[in-house]
Structure formats: structure tokens, C-alpha cells
Amino acid sequence: MRLFVVGDIHGDDKKFRAALKSVSLKKTDKLILIGDLIDRGRDSKGVLDSLTLLKSNGFDNIVYIRGNHEQMLLDAFKDPDKEYIWLKNGGDKTLLSFKVNFCDQIPKEYISLIESSVFYHQHNDYIFVHAGIDFKLDDPLSDAKSLMWTREINETAFENSAFAGKKIVHGHTPVSRSVITHSLQRSSIINVDNGVYMKNNDFGSLSIVNLDTMKANFI
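Numbering (this note's numbering), first residue to last: 6 to 224.
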């Protein structure tokens, strides 16, 4: 079994499918999706369809981490007063991909798929979260807000916590390809988000990382 993690996809189904093809994903592999599969890009529906197709074709070892964009959509689905916040943050592109005007018109099976996402996942020495972990808390993995929204991980608090010695893999905050590559070789905190929707210099790719070889493909 190989272990892969994919950075924030943000509605780019073309790059998502190309990333999986680049590693010749097998049913025996484990695939971690680090969250923010939706919003900003033009084909959030396509990304969710691709995930559903993988599952229906026997790719059972897929973990869908919940990102802040998934949470904003779910909040808007339950409370129309929160829809504007989601739309302002790229939800408008998601509605366009579904060809609907309001989030409560998104078919329920897609909402159920998003609801099935998890706030974190542990595998051997790895902890996967969307944004980061607040190690100053008594029970850091119980704080869903920081797992989805934080912008920094306090390395000193991490090194002094019960999680010291593990590797944290996250997305949420775009970093350059060179930073991702460097962190794979030297850091216990690995950010795999290259800002797929950004179009400048060392950003704008979708990363897929083989955590057995610590090598990244940038699509």
C-alpha cells in the first residue's frame, strides 16, 4: 500500500484527475484529500463526482478531510443567513458548477458526501488536518474550528505536546512549490497547498505527495 495526500483542490477537477493519473493510483493505495475540494474553481461538482466514481469503482481507502470551505457550504445549507459568507469565498463558482442559484438546491447526495468528511485522520506517525492544530489546547484534536481555520502551528508547543515525534500534514494556507519540497525533506510539519487557483510564479499547481518516498508531483 502506498500513501498519498492531495492538496486543496478548489474545484479543479481536471487537475485532480491528472494528479491521480500521474501516480497511477491503485485500489490498494491510501489517498488522503486534505480538504477544500470545492469553491473558487469552475468544477466543484466534477471533483465530487470524481470522488464518488472512485468510491463506486472500489477505491475504498480514501479519506476526505473537511476544510473550511466544506464547513462554510454546510453552514449555508443549514442557515440561509450564512450563504452570503460562503458565496463571497468562492461558493458562487460552486453554485455555477451545479447550475443552481442557492445552496439548498444542491442535490442532497452531494451534501451527504461533504458531511461524511472528517476533521482529522491519523495514520501511523502522520496526523492529517486541513489547516493546522492548536497545540496550546488541552485536547487539540477536539477543536474543529482550529483544525479547519488556523493559519499557524506553534512548533514549540507541538514539540512539547503528546504529539511530538509525529508528522503533521495540512493545507489551507498556500505556499510555494519550493517550500513544499523543502518541508518534505526537513520538516515534521508539511503543508501541501500550492494554491491551485493562483497563477503566479511558484504557485498555482495541485500537489499530490507520495509520503512513502516524500516526493511531490505538481500538476
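Just so you know, even glycine gets a beta-carbon here, dropped at the ideal spot from N, CA and C.
- Beta-bridge partners of Q127 (DSSP): I132.
- Short of 7 Å from the beta carbon of I116, and not among the five residues preceding or following it, lie these beta carbons of its own chain, in chain order: F82.
- When rounded, the separation of the alpha-carbon atoms in K104 and D80 is 20 Å.
- The Cβ atoms of A169 and L189 do not sit closer than 8 Å to each other.
- Taking a contact to require three or more Cβ pairs closer than 8 Å, the region 11-18 and the region 188-202 qualify as touching.
- As the crow flies, the alpha-carbon of P85 is around 25 Å from that of D148.
- Under the three-state reduction of DSSP output, A24 falls in the helix class.
- Considering only E160, V28, H74, T155, the residue with the shortest C-alpha distance to T99 is H74.
- Bounds of the beta strand (DSSP E) holding N196 are 194-196.
- DSSP places N222 inside the beta strand (DSSP E), whose first and last residues are 220-223.
- Looking at the backbone, the Cα of K20 and that of C108 are separated by about 25 Å.
- If you draw a 10 Å sphere on the C-beta of M219, you find fewer than 16 other C-beta atoms in it, and that means exposed.
- Note on geometry: alpha-carbon atoms of S122 and D139 lie some 20 Å from one another.
- Spanning the alpha carbons of H187 and I213 requires a straight line of approximately 15 Å.
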